[in-house]
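Chains as they are written, first to last, in my numbering: chain A, 239 to 319; chain B, 402 to 631. All residues carry an ideal CB built from backbone N, CA and C; glycine is no exception. Remember, it's a predicted structure, so these values are computed and weren't measured experimentally. Below: the structure, in structure tokens.
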């Protein structure tokens, strides 16, 4: 799967949790999920589980420690496909 | 840190005289806590509902008197207060100083949060007790939010073999919603329930499952609290 396709699906998955929709319209690999998109940190686990379901992968707790930006999520997922 | 028990005893005195808080049935609550601790050597994580800025302190006081912590400083639970709450007032600065604290920035860099969770895990495995609020922050609804279970709590439980969770429900009788402090002169009711969350799930899903078992238990305790007061 192309990285761009993963990125597109990641953004689609993130959308329901995003509180700053303006930031979503300018989303890039550098966009911080919590600080820029204002996703509630307590809900990050739901986002990660949605990644698992959508991409049919398993993500370990420790993997989540590396996910700060949209790009981090895309790279993590690409590494597991 | 060595002087913490002395300061804690001092603050207990100050809070009793100035804020005039009272723990309802404190002797029974403390005896129950000591029984739970004595029942097993398994690691014990304390998880509580969260309504005020001083809950960590109030829970410590509910579980042991100032004198008790003076004699048993090693049993005082570690806390993970929100970093941004530091230093707002002289009182919070004193409280942070006297408690065994590992500051955490909620919503901060995931690596930093992971580091704090690993420290708590290490402490539990070394026989220490830690206190965490599974809802991550003070409940804005004034009620336990089952869906707000912070995955980090489940991550700790899942990574510490045999981890027991002591659920603590604490609420002032005048506490309608969340606040910085309970009202002066308030009586605080405390209930305890010890559970051992288990899950067959894997990875992050397992951690969420374990965390939700804790918030569900706290929600049940809250329901019992309000039912008993009707």
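Item: Extent of the continuous beta strand (DSSP E) to which residue 530 of chain B belongs; Value: 530-533
Item: C-alpha distance - residue 261 of chain A paired with residue 546 of chain B, whole-angstrom precision; Value: 28 Å
Item: Bounding residues of the alpha helix (DSSP H) (the contiguous stretch that carries residue 427 of chain B); Value: 427-440
Item: Chain B within 9 Å of residue 305 of chain A, Cβ atoms only; Value: yes
Item: Residue 262 of chain A at chain B interface by Cβ criterion, 9 Å; Value: no
Item: Beta-carbon separation (whole angstroms), residue 555 of chain B vs residue 612 of chain B, contact threshold 8 Å; Value: 3 Å
Item: Residue 521 of chain B Cβ short of 8 Å to the ligand ATP heavy atom set; Value: Looking at this structure, you won't find the ligand ATP or any other ligand, since it has none at all.
Item: For residue 307 of chain A, the residue or residues it bridges with in DSSP; Value: A/270
Item: Secondary structure of residue 590 of chain B, DSSP reduced to three states; Value: strand
Item: Residue 198 of chain A, buried or exposed, once every other Cβ within 10 Å from all chains shown has been counted against 16; Value: It is not possible to answer for residue 198 of chain A, since the shown part of chain A is limited to 239 through 319.
Item: Residue 249 of chain A versus A/282, A/319, A/312, residue with shortest Cα-Cα distance; Value: A/312
Item: 6 Å CB neighbourhood of residue 552 of chain B in its chain, flanking five on each side removed; Value: 608, 609, 612
Item: Chain A contacts made by the region 544-557 of chain B, where a contact means CB separation under 7 Å; Value: 549, 551, 552, 556
Item: Minimum Cβ-Cβ distance from residue 573 of chain B to chain A less than 9 Å; Value: no
Item: Short CB-CB distance (under 9 Å) between residue 284 of chain A and chain B; Value: yes
Item: Boundaries of the alpha helix (DSSP H) in which residue 626 of chain B is found, first to last residue; Value: 604-629
Item: Min CB distance residue 507 of chain B to chain A below 9 Å; Value: yes
Item: Minimum length 4: unbroken alpha helix (DSSP H) runs contained in the region 518-565 of chain B; Value: 552-560
Item: CB contact below 9 Å: residue 617 of chain B versus chain A; Value: no
Item: Proximity test, Cβ basis, 9 Å: residue 483 of chain B and chain A; Value: no
Item: Rounded C-alpha distance that separates residue 606 of chain B from residue 549 of chain B; Value: 14 Å
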